[in-house]
Amino acid sequence: MADFKVIVVGGGPTGLITAHALHKAGIDFVLLERGPTCHPDIGSGVGFWPMSLRVLDQLDILDAIRPVMNPTAAKKTYTWDGTLIQEEPMETLVCNGEHFNMCHRTDLLKALYDSLPDAAKSRVKTNKRVTDISVSETGVVVTSEDGTAESGSIVIGADGVHSKVRQIARQLAIKENPKAVNLNLEMPFTVAFDALIGNFQNVNGPAGLTSSVFYETHSTGYSTQVFRGTERTWFIVYRRLKEPRTEKSQRVVYTEESTQKFADEIADMHITDKLVFRQLFDARERALVVPLEEGVTTAWHYKRLVNVGDATHKMTPNSGMGLNSSVQDVTVLVNKLHALVSAAKAAEHDTITTEELEKAFGAYRAQRQRFVDGIVVNTARELRMVSWGSTYDYVMDRWVWPLFGWRSVRFRKGFALFIAACQVLDFAEIKHPLFGSTPWKNFPKVEARGDPDPYDEAGVFDKSK
């Protein structure tokens with residue numbers, strides 16, 4: 001079979017994890033990043049739930065990322081005036097065998113890039129702003145702004161919420177059939193919240209925050225999340241808009257002036273009983289306001305083009321599921337590609353047809369759609385509840401849920417099960433299995449080594465056995 005080559009567009013966390021997964025699968029690729037580096041000093045915090053750590057372990061990069069991870073141990077929730085609503089442990093360690101871990105985005109990107117094997121790192125190309133993609137029955141050609149072109153078998157769009165790959169796929173689909181009804185909108189997401197995000201080094205920040213504790217403030221129209229790591233503190237303030245924005249023409253460009261105005265609105269909001277937001281903002285190393293898009297696209301793929309992560313679905317960051325959902329996309333998609341390429345080689349086929357690829361892409365979407373739809377809906381509902389969008393939300397969030405400990409129950413009986421049902425790579429072993437009270441549902445199809453019978457459900461989750 002002729003060489004099968006993937007062109008990955010986008011060198012953010014999703015794109016770099018895609019590169020790692022393709023390399024692990026033995027699939028040739030090239031990654032095109034529009035900026036001068038894959039680890040620019042921008043962005044704030046991102047987090048990993050335990051299911052993503054299983055995949056990172058399979059990719060042999062967990063040890064490289066560990067040094068930039070900050071585990072969360074507990075959460076404290078306050079009202080605007082500093083009244084403590086609830087204090088509770090983060091139960092992921094007990095339920096799923098690992099903490100929720102926060103990372104500084106820049107540090108994570110550098111760790112992901114640096115941990116690429118030399119052979120894979122040589123396939124990462126920067127300053128490649130994609131301007132056009134042509135698709136034939138046998139392959140694709142991706143053209144960049146500098147005039148260079150890359151030929152390959154498929155394109156994976158890991159280029160974020162304003163995905164160029166998604167835009168081009170839409171244009172190609174319209175050109176093929178102007179009356180098609182299953183097309184993405186030009187701007188397929190809505191914006192009902194914006195957020196002020198920022199971070200600072202702990203040595204420059206105020207006292208009063210405990211490391212490894214997640215702080216939340218719930219109030220009418222606003223909510224906050226603050227986390228103090230070993231060396232850095234991250235903050236995000238959510239603000240509900242008066243009217244959701246849906247059209248591309250309504251896209252707002254935020255300035256330093258609008259960022260300061262936002263900060264002034266919530267300057268006296270308590271983060272703890274003694275600490276107010278103004279003290280965090282004054283210590284900021286960087287802060288900006290961003291729109292929080294929400295939604296799931298109609299079309300995930302077109303012929304030899306397929307999207308992953310924020311290019312396909314976008315959720316507000318309050319659940320910490322954005323990057324984790326992207327990791328799941330990459331896991332499922334690369335599993336499909338690995339199976340397809342392996343079968344073609346075994347059958348000594350000359351090529352993989354567009355029809356075969358579309359079938360694999362459709363299976364990828366079908367496997368991910370239900371999970372993604374649920375995450376987007378539940379994340380949106382949670383954000384509206386903690387920003388007290390109605391009297392019902394206020395009563396439930398401020399009084400009923402804390403009184404009965406329902407969030408803890410919902411985690412154990414709901415989210416922990418969701419985490420346990422997430423996918424892993426079929427073709428790579430898990431070297432460091434996670435042990436928790438909630439059994440994992442999916443395991444690699446390769447024989448594991450290391451722990452005795454690590455996938456024996458009768459005993460794997462009891463460390464005494």
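With full-length UniProt numbering applied, the sequence shown corresponds to residues 1 to 465, in that order.
Glycine included, each C-beta is placed from N, C-alpha and C at the ideal position.
Take residue i and list the residues in its own chain whose beta-carbon comes closer than 8 Å to its own, dropping the five residues that flank it on each side.
i: Ile61; result: His20, Ala111, Leu112 and Ser115
i: Met396; result: Met385
i: Leu241; result: Val191, Ala192, Phe193 and Asp194
i: Asn204; result: Ala283 and Glu285
Whole angstroms is fine: what's the gap from residue i's alpha carbon to residue j's?
i: Trp49; j: Phe193; result: 24 Å
i: Pro291; j: Thr379; result: 16 Å
i: Phe427; j: Leu59; result: 10 Å
i: Arg243; j: Ala64; result: Residue identity differs from the one stated: residue 243 is Glu in this sequence, not Arg. Cα to Cα, Glu243 sits roughly 43 Å from Ala64.
i: Lys463; j: Leu93; result: At Lys463, the pLDDT of 30 sits below 50, so the modelled position is not reliable; the number obtained from the coordinates is stated separately. Roughly 14 Å separates the two Cα atoms.
i: Val400; j: Asp393; result: 10 Å
i: Ile197; j: Ile236; result: 4 Å
i: Asp28; j: His349; result: 17 Å
i: Thr37; j: Thr126; result: 6 Å
i: Ala25; j: Pro439; result: 26 Å
i: Ala173; j: Arg166; result: 11 Å
i: Pro433; j: Lys261; result: 47 Å
i: Tyr455; j: Gly47; result: A caution first: Tyr455 carries a pLDDT of 33, below 50, which makes its placement in the model unreliable, though a value can still be read off. Those two C-alpha atoms are separated by around 26 Å.
i: Gly389; j: Arg381; result: 10 Å
i: Thr83; j: Phe281; result: 21 Å
i: Val330; j: Asp81; result: 43 Å
i: Asp3; j: Ala344; result: 11 Å
i: residue 466; j: Leu109; result: One cannot answer for residue 466 here, as it falls past the ends of the chain, which runs 1 to 465.
i: Glu285; j: Asn199; result: 6 Å
i: Phe411; j: Arg123; result: 41 Å
i: Glu322; j: Arg368; result: Note that residue 322 is Gly in the sequence shown, not Glu. Taking the straight line from one Cα to the other gives about 14 Å.
i: residue 505; j: Pro89; result: Residue 505 is absent from the model: the chain starts at 1 and stops at 465.
i: residue 468; j: Ser136; result: Look at the range of the chain in this structure, 1 to 465, and you will see that residue 468 is not part of it.
i: Phe179; j: Arg105; result: The question names Phe, yet the displayed sequence has Lys at residue 179. Lys179 and Arg105: Cα-Cα distance of roughly 41 Å.
Look at residue i and residue j and say whether their C-beta atoms are less than 9 Å apart.
i: His301; j: Glu256; result: no
i: Gln328; j: Cys422; result: yes
i: Val68; j: Asp107; result: yes
i: Tyr238; j: Asn318; result: yes
i: Ala158; j: Thr18; result: yes
i: Arg228; j: Ser212; result: yes
i: Val142; j: Ile352; result: no
i: Gly152; j: Lys336; result: no
i: Asn182; j: Ala299; result: yes
i: Ser258; j: Val289; result: yes
i: Ala267; j: Val276; result: yes
i: Arg34; j: Val130; result: yes
i: Pro206; j: Ala149; result: no
i: Val376; j: Val296; result: yes
i: Glu355; j: Leu340; result: no
i: Pro117; j: His39; result: no
i: Glu409; j: His313; result: Residue 409 is actually Val in this sequence, not Glu. Not closer than 9 Å, so no.
i: Thr316; j: Leu417; result: no
i: Ser387; j: Thr220; result: yes
Below 8 Å on the Cβ atoms is my contact criterion, and I expect residue i with residue j to pass it. Report the Cβ-Cβ distance as a whole number of Å.
i: Gly45; j: Trp234; result: 4 Å
i: Gly436; j: Cys103; result: That belief does not hold up - the Cβ atoms of Gly436 and Cys103 are roughly 21 Å apart, past 8 Å.
i: Ile154; j: Arg304; result: 5 Å
i: Ile271; j: Tyr215; result: 5 Å
i: Thr224; j: Met269; result: 7 Å
i: His218; j: Thr14; result: Wrong, their Cβ atoms sit about 30 Å apart, outside the cutoff.
Taking all protein chains shown into account, do 16 or more other C-beta atoms lie within 10 angstroms of the C-beta of residue i, making it buried, or fewer, making it exposed?
i: Tyr222; result: buried
i: Val446; result: exposed
i: Pro188; result: buried
i: Phe361; result: buried
i: Ile430; result: buried
i: Lys274; result: exposed
i: Phe100; result: buried
i: Ala119; result: exposed
i: Phe415; result: buried
i: Leu425; result: buried
i: Asn177; result: exposed
i: Ser163; result: buried
i: Phe404; result: exposed
i: Ala420; result: buried
i: Leu31; result: buried
i: Glu145; result: exposed
i: Lys465; result: Note that Lys465 has pLDDT 28, beneath the 50 cutoff, so the model's placement of it is unreliable and the number below is only indicative. Answer is exposed; the Cβ neighbour count stays below 16.
i: Ala74; result: exposed
So, at 6 Å on beta carbons, what are the nonlocal neighbours of residue i in its own chain, with the 5 sequence-adjacent residues on each side left out?
i: Glu87; result: Lys76
i: Asn184; result: Arg170, Thr297, Thr298 and Ala299
Relative to the ligand FMN, is the shortest distance from any of its heavy atoms to the C-beta of residue i smaller than 8 Å?
i: Glu137; result: No copy of the ligand FMN appears in this structure; indeed no ligand is present at all.
If I measure Cβ to Cβ from residue i and keep anything under 7 Å in the same chain, skipping five residues before and after, which residues do I get?
i: Gly160; result: Gly10, Gly12, Asp310 and Ala311
i: Asn202; result: Arg228, Glu231, Arg232 and Thr233
i: Glu98; result: Pro50, Leu53, Thr92 and Leu434
I want to see whether chain D comes within less than 9 Å of residue i, judged by CB atoms only; does it?
i: Thr138; result: Going by chain labels, chain D is absent from the structure shown, which holds only one protein chain.
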